[in-house]
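> So the sequence lines, in the order shown, correspond to chains F, Y, S and H.
Sequential numbering from -12 applies to the first sequence in the working numbering.
Sequential numbering from -12 applies to the second sequence in the working numbering.
Sequential numbering from -12 applies to the third sequence in the working numbering.
Sequential numbering from -12 applies to the fourth sequence in the working numbering.
Protein chains: 4
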Amino acid sequence: MAESTTSFWKRKLHEIIYEADTPAGKAFDVVLLIVIVVSIVIVMLESVKSIYAVYADLFYTIEWIITVIFSIEYILRIITIKNPRKYIFSFYGIIDFVSTIPTYLTLFFGGYNVLLAVRALRLLRVFRILKITRYLGEADKLVVALKHSRPKILVFLFAVFIITIIAGTVMYLVEGEAGGFDNIPLSIYWCIVTLTTVGFGDIAPITPLGRFIASFIMITGYGIIAVPTGIVSAEYSRAGEKKVHVNTQVCPHCNEDKHLDQAEYCHNCGNPLNE
Amino acid sequence: MAESTTSFWKRKLHEIIYEADTPAGKAFDVVLLIVIVVSIVIVMLESVKSIYAVYADLFYTIEWIITVIFSIEYILRIITIKNPRKYIFSFYGIIDFVSTIPTYLTLFFGGYNVLLAVRALRLLRVFRILKITRYLGEADKLVVALKHSRPKILVFLFAVFIITIIAGTVMYLVEGEAGGFDNIPLSIYWCIVTLTTVGFGDIAPITPLGRFIASFIMITGYGIIAVPTGIVSAEYSRAGEKKVHVNTQVCPHCNEDKHLDQAEYCHNCGNPLNE
Amino acid sequence: MAESTTSFWKRKLHEIIYEADTPAGKAFDVVLLIVIVVSIVIVMLESVKSIYAVYADLFYTIEWIITVIFSIEYILRIITIKNPRKYIFSFYGIIDFVSTIPTYLTLFFGGYNVLLAVRALRLLRVFRILKITRYLGEADKLVVALKHSRPKILVFLFAVFIITIIAGTVMYLVEGEAGGFDNIPLSIYWCIVTLTTVGFGDIAPITPLGRFIASFIMITGYGIIAVPTGIVSAEYSRAGEKKVHVNTQVCPHCNEDKHLDQAEYCHNCGNPLNE
Amino acid sequence: MAESTTSFWKRKLHEIIYEADTPAGKAFDVVLLIVIVVSIVIVMLESVKSIYAVYADLFYTIEWIITVIFSIEYILRIITIKNPRKYIFSFYGIIDFVSTIPTYLTLFFGGYNVLLAVRALRLLRVFRILKITRYLGEADKLVVALKHSRPKILVFLFAVFIITIIAGTVMYLVEGEAGGFDNIPLSIYWCIVTLTTVGFGDIAPITPLGRFIASFIMITGYGIIAVPTGIVSAEYSRAGEKKVHVNTQVCPHCNEDKHLDQAEYCHNCGNPLNE
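1. Would you decide whether F(-5) of chain S is buried or exposed? Buried here means 16 or more other CB atoms lie within 10 Å of its CB.
2. Can you check which of these residues, Y:T194, Y:G217, Y:A146 and Y:F187, is closest to G166 of chain Y by C-alpha distance?
3. Mind checking which residues open and close the alpha helix (DSSP H) that includes L202 of chain H?
4. How about L32 of chain Y and I23 of chain Y: are their beta carbons less than 7 angstroms apart?
5. Chain F beta carbons: is any one of them nearer than 7 angstroms to that of G188 of chain H?
6. Of the residues Y:V130, Y:T156, Y:F187 and Y:I27, which one's Cα is nearest the Cα of I200 of chain Y?
7. Between which two residues does the alpha helix (DSSP H) carrying K263 of chain S extend?
8. Would DSSP call G167 of chain Y helix, strand or coil?
9. Which of the three DSSP states, helix, strand or coil, is assigned to G188 of chain H?
10. Should the region 64 to 82 of chain S be regarded as contacting the region -5 to 15 of chain S, the criterion being three or more beta carbon pairs within less than 8 angstroms?
11. Under three-state DSSP, which class holds S37 of chain S?
12. Would you mind telling me which residues of chain Y sit closer than 8 angstroms to T183 of chain S, beta carbon to beta carbon, in chain order?
13. Would you please verify whether the beta carbon of V131 of chain F is less than 7 angstroms from any beta carbon of chain S?
14. In terms of residue numbering, what span does the alpha helix (DSSP H) encompassing R72 of chain S cover?
15. Need the endpoints of the alpha helix (DSSP H) that L92 of chain S sits in, please.
16. What residues from chain F crowd round T194 of chain H, counting only those whose CB sits closer than 8 angstroms?
17. Can the beta-carbon of I190 of chain H be found less than 7 angstroms from the beta-carbon of T151 of chain H?
18. To the nearest angstrom, how far is it from the Cα of Y209 of chain S to the Cα of F148 of chain S?
19. Is the beta carbon of F46 of chain H sitting closer than 7 angstroms to the one on T87 of chain H?
20. With G217 of chain S and V219 of chain F assumed to form a contact (beta carbons below 8 angstroms), what rounded beta-carbon distance in angstroms separates them?
21. Helix, strand or coil for T183 of chain S, going by three-state DSSP, please let me know.
22. Just verifying my parser: in three-state terms, what is the DSSP assignment at E6 of chain Y?
23. Using a Cβ-Cβ cutoff of 9 angstroms, what residues of the region 163 to 176 of chain F are near chain S? List them in chain order.
24. Are the C-beta atoms of A264 of chain Y and some chain F residue less than 7 angstroms apart?
25. If the cut-off is 9 angstroms on Cβ atoms, which residues from the region -3 to 29 of chain Y count as contacting chain F, listed in chain order?
26. Have a look at H:Y5, H:E50 and H:K139 and flag the residue whose alpha-carbon is nearest the alpha-carbon of L94 of chain H.
27. Assign P10 of chain H to one of two classes, buried (16 or more other C-beta atoms within 10 Å of its C-beta) or exposed (fewer than that).
28. With 7 angstroms set as the bound, which would you pick, yes or no: does the beta-carbon of I221 of chain H sit closer than that to a beta-carbon of chain S?
29. Listing by chain order, which chain H residues have their CB less than 7 angstroms from the CB of S202 of chain Y?
30. Determine whether the Cβ of I119 of chain F lies closer than 7 angstroms to any Cβ atom of chain S.
31. Under a three-way DSSP split, which group does A150 of chain F fall into?
32. For Y159 of chain F and S202 of chain S, which I take to be in contact (beta-carbon distance under 8 angstroms), what is that distance rounded to the nearest angstrom?
33. Tell me, please, whether the CB atom of M31 of chain F is closer than 7 angstroms to any CB atom in chain S?
34. At the 7 angstroms Cβ level, is S34 of chain S part of the contact set with chain H, yes or no?
35. Would a check of beta-carbon distances place L160 of chain H closer than 7 angstroms to chain Y?
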């Protein structure tokens, strides 16, 4: 039956495109990864004027080839999934659409450069493919540690933020425009640059009192740089105990991607995972 | 009885203003938080000349609105507490007063700009309201770890301070005015900038010997940056074992704010918590 | 028998050159270490024009003495080993050859300066001799911790790399050429300089929006600097449990260098370790 | 008996000067601490030309008062100890002598400024008095952790040193004099500035290849900054288990300063601790 054959091909393609358990699925991901990396490198090189002057035509051609590949991928993703709306309005569905469309728009509008930023969004696609790295088992543990650390680090960053506002205001009043502390937001920017120990040096105190206070701010920064590290260390040690198992099956109906190894039916929509 | 009604309203207001257990209490804190944030943003924007030139009048109006709100809050805080002196001379009582009064003073004196610093003190009010964040349970653990780390970090910072003085004197003698090391305090400032890895670059050694010693100072800094981190990590891991429970009840008599959940009488002054 | 005497000397020399268990073996390593350090110091000083102008002849003489010593060492290493091909094509065999030959090449070609880089490779020889440091027992634990941390740190660095690409593109679009963000690769370079908290200051944002985004990038960097530290801390604590014992015997047949203390025969090629 | 009285006073003075168990001993240390701090502040302020121009006479007077106090302290230390040679040739004995004598030398020689460096040595005296801080019990744990970390951190710093030499040579060859990498030692200095994330910016790569390699060096630095922290964290956690008890008794015969609380005789020379 024709329908059954179609259904077979759709299932086959779904497995290749959405999953990474089969050799074909892995190959698809690797090819896509290469295309994404090439597309990003092109965006980067285009921004270098001396290179763009010489290779503008080549870039134009590669850009169109990549766009066609991404268009085909986008269409296949819609066709092979049972519930296309789920994909189209998912985070990656939107990314896929938004990062493919700009090249077509340049046919009608001249604003080639303006759409550069949107094309850079393609990089976000990498994250989907990188579910492969989860096989390493390493990233997961890191993610668990970071997830547990997040609220504490946010509280910490909030405290740091308040410190920068107070210190920034004080530095503005002490240094004034002499040392480049023209206004409070700029002083706060300087405080962030200093507390994070980046220290560009475009703005730096020149009065003795300003330098004294700056010393105090720097030593404070030195003392508190320890806090997020301590948090992550502790959480990471804790995360070490639990082992996370990962399975790359994706439900062809609802696109849900967290299933147990022995799962036959999707725990989210109840449809069979392998029809 | 009129008195009883007054007492009821006073108790009610006390609960709203000083505590955060009830919806009204939380709403009060959120409103206050917004007003504080707005007042800080105004102080910041006023310092930017190009913005101030255009919106001076708007800032003036908002400033007065905020001042009136803070004044009302201040008066309510005094009225609703049994022992007003406890509040007035407490840390936050002084902050509330000092950060409200400057705007009134500008009516009599012209020094608008001079009082800017004092108005920035309003930010300290945030900390009182942020007892809400304690509900996250995260900040407490951090605070416990930091409290235990403090004496050790102070000892460490003292050692770092002695190192900067010795290294600063050596750099002054080696580099002299050629590299901008004009005097010992300036050399010490440079040492702090370098040891904390901020490195502005406004002062930098230029003689070979000066650079050699600077290298030594930098590698030392690299080696000892580990110390506070090690301390906080260890303390934080330890702090993880104890769980801290927080209760936001505040005694209407003595303003004491640490009570057990089941407490009916203030453990500090013996008066009932809910009359 | 002549052959037996030769064999005895070969074994003796093998022990001295390849191992560090005997006083002669240690002395050989120390002498070689000094020659390597001197050769590196010469390479460094030659690059300083003012010094080279005065001591060119001296450097030339020392260079030739060192080259002769290295040549003799290279020949002895080939003679004393049973299977010379194993050594010649090993990592250190190639290093030894490549770092000795440049001086001879300058006899035929004038390009003294061009071969400087190759001569600097001599430094890599230090690592072979530093198997002595393994006696400290410290380095091993460090190496174990780093080996276990590597995959996680690589995953982490990859994530940092993606962040720099996205942030770099954003900064290029926001700042443009005003702040020196001439193209995307340069913006990414700036992002790396900033995220790692190095902050040279040769490129720095000057627009308010650029500075705002830069602040965000810096605080992110501050937050994530904690991650590799947390990983290494945890792995290092774990590595502390196992103790690694080191033995410096090296098989004269196959050059294998990891043997148990009581080993009489090479576990790799089956030949006796001490004939 | 006169001798007995002398002996009593010598014992009494020894207790005051060398120990910190009695109120008088503590007071002596506090006074000395203040004098040392004042003497250091004077050295600092003298180096600031604008201040020195005005207060030269005042500084001269204070300098002499401090010198007389230090001279008296030095003589008392010699008199009160049973075996003066032990003190005179000890580390602190030499520091005390060397940091007192410069002022007297200025009577005969004019070189006031030259002896400044030697006077700065007075700061080292602080460490002796700070045995008081040992009472905090905090510093000791830190010292134990650092002592255990030292060999590992030295091995690590050695590895970092080799990296800087290789990277410095590469940067010299790639960047050359264009970016300020005039010679290899200067390139190594730049590498240290970069790897430690200080980043002055006085030297910075300007060629694309140089910037690419610099990025690699910076990310390496970011990755390995974790190592010393991991070491200290682990050692500090371990150090937490042992508790160190400190006693400030000092033997009046041999100056040995580590005794048990119940010790009646010096474990070093066998003489009674309290005669």
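Glycine included, C-beta positions come from ideal geometry on N, C-alpha and C.
On the basis of the data shown:
1. F(-5) of chain S should be labelled exposed.
2. That would be Y:T194, whose Cα lies nearest to the Cα of G166 of chain Y.
3. According to the sequence displayed, residue 202 of chain H carries Ser and not Leu. Residue range P195 to I211 is occupied by the alpha helix (DSSP H) that includes S202 of chain H.
4. Not closer than 7 angstroms, so no.
5. Interface residue, yes.
6. Among Y:V130, Y:T156, Y:F187 and Y:I27, the Cα nearest to that of I200 of chain Y belongs to Y:T156.
7. Absent from the structure is residue 263 of chain S, since the part of chain S shown begins at -12 and ends at 262.
8. Coil, per DSSP.
9. Here G188 of chain H carries a coil assignment [DSSP, helix/strand/coil].
10. Because the criterion of three Cβ pairs below 8 angstroms is met, the region 64 to 82 of chain S and the region -5 to 15 of chain S touch.
11. In the structure shown, S37 of chain S adopts helical secondary structure according to DSSP, grouped into three states.
12. In chain order: nothing, as chain Y lies at least about 10 angstroms away.
13. No, no contact with chain S.
14. Counting along the chain, the alpha helix (DSSP H) containing R72 of chain S begins and ends at P71 to I75.
15. Annotation: the continuous alpha helix (DSSP H) that includes L92 of chain S extends over F78 to F95.
16. In chain order: nothing, as chain F lies at least about 13 angstroms away.
17. In this structure, I190 of chain H lies away from T151 of chain H, with their beta-carbon atoms at least 7 angstroms apart.
18. Taken atom to atom, the span from the alpha-carbon of Y209 of chain S to that of F148 of chain S is near 16 angstroms.
19. The beta carbons of F46 of chain H and T87 of chain H sit no closer together than 7 angstroms.
20. Distance from G217 of chain S to V219 of chain F at the Cβ level is roughly 4 angstroms; contact confirmed, criterion being Cβ atoms closer than 8 angstroms.
21. Coil at T183 of chain S, not helix or strand.
22. Coil.
23. Within the region 163 to 176 of chain F, the qualifying residues are P172, L173, I175 and Y176.
24. Examination of residue 264 of chain Y is not possible in this model, given that chain Y is present from -12 through 262 alone.
25. Flagged, chain order: I27.
26. Selection H:Y5, H:E50 and H:K139 evaluated against L94 of chain H yields H:E50 as nearest (Cα-Cα).
27. By the 10 Å Cβ count, P10 of chain H comes out exposed.
28. The identity of residue 221 of chain H in the sequence shown is Ala, whereas the question assumes Ile. Judged by the 7 angstroms Cβ criterion, A221 of chain H is in contact with chain S.
29. In chain order: Y176 and I179.
30. With a pLDDT of 48 at I119 of chain F, under the threshold of 50, the predicted position of this residue should be treated as unreliable, though the coordinate-derived value follows. Look at I119 of chain F: its C-beta is not under 7 angstroms from any C-beta on chain S.
31. Reading off the sequence shown, one finds Ile at residue 150 of chain F, where the question assumed Ala. Here I150 of chain F sits in helix by DSSP.
32. In fact, because the Cβ distance is near 16 angstroms, the residues do not count as touching under 8 angstroms.
33. Judged by the 7 angstroms Cβ criterion, M31 of chain F is in contact with chain S.
34. By this cut-off, S34 of chain S is an interface position.
35. Taking 7 angstroms as the threshold, the shortest C-beta distance from L160 of chain H to chain Y does not fall below it.
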